[in-house]
Structure formats: structure tokens, C-alpha cells
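K.L.:
Number of protein chains: 2
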Amino acid sequence: MDLHAAEKPHLNGKECGTSGWDAGNCPVRDVIDRIAGKWSTLLLEALARQPYRFGELRRLVPDISQRMLTQTLRDLQRDGYIDRQVFPTKPPSVEYRMTALGHSLFEPLSKVLQWAGDKHPAVKAARQKFDEGELS
Amino acid sequence: MDLHAAEKPHLNGKECGTSGWDAGNCPVRDVIDRIAGKWSTLLLEALARQPYRFGELRRLVPDISQRMLTQTLRDLQRDGYIDRQVFPTKPPSVEYRMTALGHSLFEPLSKVLQWAGDKHPAVKAARQKFDEGELS
DNA sequence: TAGCGCTAGTCTCTTTTTGAGACCAATATT
DNA sequence: AATATTGGTCTCAAAAAGAGACTAGCGCTA
Numbered sequence: 001m002d003l004h005a006a007e008k009p010h011l012n013g014k015e016c017g018t019s020g021w022d023a024g025n026c027p028v029r030d031v032i033d034r035i036a037g038k039w040s041t042l043l044l045e046a047l048a049r050q051p052y053r054f055g056e057l058r059r060l061v062p063d064i065s066q067r068m069l070t071q072t073l074r075d076l077q078r079d080g081y082i083d084r085q086v087f088p089t090k091p092p093s094v095e096y097r098m099t100a101l102g103h104s105l106f107e108p109l110s111k112v113l114q115w116a117g118d119k120h121p122a123v124k125a126a127r128q129k130f131d132e133g134e135l136s
Numbered sequence: 001m002d003l004h005a006a007e008k009p010h011l012n013g014k015e016c017g018t019s020g021w022d023a024g025n026c027p028v029r030d031v032i033d034r035i036a037g038k039w040s041t042l043l044l045e046a047l048a049r050q051p052y053r054f055g056e057l058r059r060l061v062p063d064i065s066q067r068m069l070t071q072t073l074r075d076l077q078r079d080g081y082i083d084r085q086v087f088p089t090k091p092p093s094v095e096y097r098m099t100a101l102g103h104s105l106f107e108p109l110s111k112v113l114q115w116a117g118d119k120h121p122a123v124k125a126a127r128q129k130f131d132e133g134e135l136s
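If you read the sequences in order, they're chains A and B.
Residues 1 to 136 (the UniProt record's numbering) make up the first sequence, in order.
Residues 1 to 136 (the UniProt record's numbering) make up the second sequence, in order.
#1: Taking 8 Å as the CB-CB cut-off, is residue 72 of chain A touching chain B?
#2: What residue range is occupied by the uninterrupted beta strand (DSSP E) comprising residue 85 of chain B?
#3: Identify, in the order they occur along the chain, each residue of the same chain with its Cβ nearer than 6 Å to the Cβ of residue 97 of chain A, setting aside the five sequence neighbours on each side.
#4: If we cut at 8 Å on Cβ distances, does residue 103 of chain A have a partner in chain B?
#5: Buried or exposed: residue 125 of chain A, going by 16 or more other Cβ atoms within 10 Å of its Cβ?
#6: By a C-beta neighbour count over all protein chains shown, 10 Å radius and 16 as the cutoff for buried, is residue 55 of chain A buried or exposed?
#7: Do three or more CB pairs link the segment 31-42 of chain A to the segment 65-74 of chain A at distances below 8 Å?
#8: Roughly how many angstroms separate the alpha carbons of residue 47 of chain A and residue 95 of chain A, rounded to a whole number?
#9: Compute the Euclidean distance between the alpha carbons of residue 130 of chain B and residue 78 of chain A, then round it to the nearest angstrom.
#10: Counting contacts by CB-CB distance shorter than 8 Å, is residue 36 of chain A in contact with chain B?
#11: Apart from the five residues on each side of it in sequence, which residues of its chain come closer than 8 Å, Cβ to Cβ, to residue 106 of chain B?
#12: Using the beta-carbon of each residue, which ones in chain A are nearer than 8 Å to residue 113 of chain B?
#13: In chain order, which continuous runs of the alpha helix (DSSP H) of length 4 or greater are located wholly inside the UniProt domain "HTH hxlR-type" (26-124) of chain B?
#14: Can you tell me whether residue 27 of chain B is buried or exposed? The criterion is at least 16 other CB atoms within 10 Å of its CB, across all chains shown.
#15: Confirm, please, whether the CB-CB distance from residue 53 of chain A to residue 93 of chain A is below 8 Å.
#16: Is residue 48 of chain B close to chain A, meaning its C-beta is less than 8 Å from at least one C-beta of that chain?
#17: Kindly list the residues whose CB is nearer than 6 Å to the CB of residue 76 of chain B, restricted to its own chain and excluding five residues on each side of it in sequence; keep chain order.
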């Protein structure tokens, strides 16, 4: 129940504001909120490369709990980014595979990941500067 | 498989795994975890357009609490994406403005946001299909 | 044949994060 | 004189996430 009791999206009674830009942006938020999780991009990056099974993903991302792995994979599946295929082998195995929609998302997303890798030194420097100035 | 290792935020001193895991080689996660929050992209999108003051942002994103607005702005500032400038007016006002680093991040990021807007129908359809199949 | 591990998860408990709302001091408005 | 606005902080409750035990059927092996 815990997992399935997944929250219905944002309160819908209220529009996204009345002034200009936000009105058309609720769909964006609806989509972004799901891929903005702590683990989503990590799993998407893995599955963009190749399909993986549950246990493989768990080993690939050692600090994710089984609970969050299950939940995140299900969320990604629900939004259509990945497919879940069960093989009725002796111990049943499950394979997760990125869909076409997932790949089309990952194309722009990978640019952000690349930016993060490239600019990491600048970010680290900014952090250090900020923390020093705060110490006063 | 050099996925980003588990270097956690500054509050968490836990080292990355013990076996074959390069702690220094997970810069992507270090950066992404910060902009992957629920409110970060929303604020970045606003500030990419123009500078805003605290209260303006609060009105622009009506469902953010003051507490999270303060905290998210400070995180974004710490990572060097935005600047905070205090004007000693009668009631002191504070302006937040995107930095060059922030703009350079927003360039690839905006592509993802655009994708989200474009593909929202597909995602919604996937969700509906998933939820129907689960109902059985 | 009793024990172990593997599969993909779920269940419960605890800790962390987030949300809601009161409070702040100085000034401006009504 | 009472009230609202400025940009926050503080406390407390609710939600989300982390940790770890538990499940079932099968294969291996000691």
C-alpha cells in the first residue's frame, strides 16, 4: 500500500497562478517533478546504455535501497520511460529496458548531465567560496 | 561501469563504496542532486528570464513555502547559479539574479523543460494506460 | 536432506526532509 | 492606532526516504 498509495499529483483545484508565464507551465512541472527525483536520472542514465535486471541495477547503484529502487522504477515505468518484462525462469527475473519515449527524453537530459560533469569544478569552487564567506 | 558514485551532500560524510568505486569520479551526481529538487528548476526557469525579489518569487510560485523558497534559493546561490543582492531600502529588499554559470546551465536544462512541455501528452497517456492495467 | 543463496520484491520501523503557520523589527498605509 | 509589507527564522506536524528483516520456489552442496 505504501508504494501504491502514490500521491495523486499536485492539488488540482488551484490554477498555476494568474500572471503570465506559469499558466502554460503546469504540464512541464507535471513531467519534471517525476524525473527530478534523486534516483531517476541515475537509473535513466544506466538504462539508456542497455537493459538491466533489478539486481544488476541495485549493484550498479549501491546506495539505493531496494524500496526506492522498486518505487523509482515503477514511477519511470508509469510515465512510459522504461518497460518492465518478466521472464518466468526458475527464479523469475525481471528486465528493465528504456522505451523510445525514454530515449527521446534522455537526449536533452544527457546534455545536462554532460554539463554537470564539465562544470563540476566551477560549482565546487562556488560552494567553497560561499561557505568561506558564511563563516564570518 | 563508472556510474556516478555515492558521494553524498556535505551533511553526509559517508564515503563511496569500498570496492572499485572512485569517489572522486562522481561529479555528475554531486551537481545533479542539487538541481534535481522539486523547486530548483522552477526557480531557475523564473530567474533565467529576469531577476526577481523574494516576495515576487513567492507569488510566482504560490505553492512553495517560505521555508523551502529560502532554502532552495540559498542552495542555488551556494552552487553559484544565482546571486543575492540586498538593497538597504526602507524595508530592505533582496534581489536574486542568475549568474553566467546559471545561464550556461539553463541552456541545456531548458531543452529538457521544452521536451517536457512537448511530450506531456505522451506521458499522460502512458500514465493512464499504466493505471488502467493495474486496476485488474 | 538440511542448509544456503539467488530471484524481485514487500513490510515495518526509524530517521530525514518537507509543509504549515506563527513570529520578528522597522516602515508605510489606512 | 491598527494593519500590512519587507525577507526571512522558528517550531511542530506530516510526508518521504533509509535500514533491514521477511517472503517463496528452485538449485547447489555438504
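Glycine is no exception: its CB is placed at the ideal position from the N, C-alpha and C atoms.
Remember, it's a predicted structure, so these values are computed and weren't measured experimentally.
P.N.:
Taking the definition as stated:
#1: To locate residue 72 of chain A, count along the first sequence from 1; it is residue 72. Judged by the 8 Å Cβ criterion, residue 72 of chain A is not in contact with chain B.
#2: As a first step, residue 85 of chain B must be located in the second sequence, where it is residue number 85. 82-87 is the span of the beta strand (DSSP E), which, as asked, contains residue 85 of chain B.
#3: Residue 97 of chain A sits at position 97 when you count from the first residue of the first sequence. Within the same chain, residue 97 of chain A has close Cβ partners 51 and 83.
#4: As a first step, residue 103 of chain A is located in the first sequence; it is residue number 103 there, counting from the start. No, no contact with chain B.
#5: Numbered from its first residue, the first sequence carries residue 125 of chain A at position 125. Residue 125 of chain A comes out exposed.
#6: Your numbering for residue 55 of chain A matches position 55 in the first sequence. Exposed: under 16 other Cβ atoms inside 10 Å.
#7: yes
#8: Residue mapping note: residue 47 of chain A aligns to position 47 of the first sequence, counting from 1. Residue mapping note: residue 95 of chain A aligns to position 95 of the first sequence, counting from 1. Rounded to the nearest angstrom, the two C-alpha atoms are 10 Å apart.
#9: Within the second sequence, numbered from 1, the residue matching residue 130 of chain B stands at position 130. Within the first sequence, numbered from 1, the residue matching residue 78 of chain A stands at position 78. Going from the Cα of residue 130 of chain B to the Cα of residue 78 of chain A covers about 6 Å.
#10: Within the first sequence, the letter at position 36 stands for residue 36 of chain A. Yes, its Cβ sits closer than 8 Å to a Cβ of chain B.
#11: If you number the second sequence from 1, residue 106 of chain B lands on position 106. Excluding residues within five positions, the ones whose Cβ falls inside 8 Å are 44, 45, 48 and 98.
#12: The residue you call residue 113 of chain B lines up with position 113 of the second sequence. By Cβ distance, chain A contributes 28 and 32.
#13: Runs of the alpha helix (DSSP H) inside the UniProt domain "HTH hxlR-type" (26-124) of chain B: 27-35, 40-49, 54-60 and 66-78.
#14: In the second sequence, counting from the first residue as 1, residue 27 of chain B sits at position 27. Residue 27 of chain B is buried by the Cβ-count criterion.
#15: Here the question's residue 93 of chain A lines up with position 93 in the first sequence. Here the question's residue 53 of chain A lines up with position 53 in the first sequence. With contacts defined by Cβ atoms closer than 8 Å, residue 93 of chain A and residue 53 of chain A form a contacting pair.
#16: If you number the second sequence from 1, residue 48 of chain B lands on position 48. False, the Cβ-Cβ gap to chain A never drops below 8 Å.
#17: Taking the second sequence and counting its residues from 1, one reaches residue 76 of chain B at position 76. For residue 76 of chain B, where only same-chain residues beyond five positions count, the Cβ hits under 6 Å are 82.
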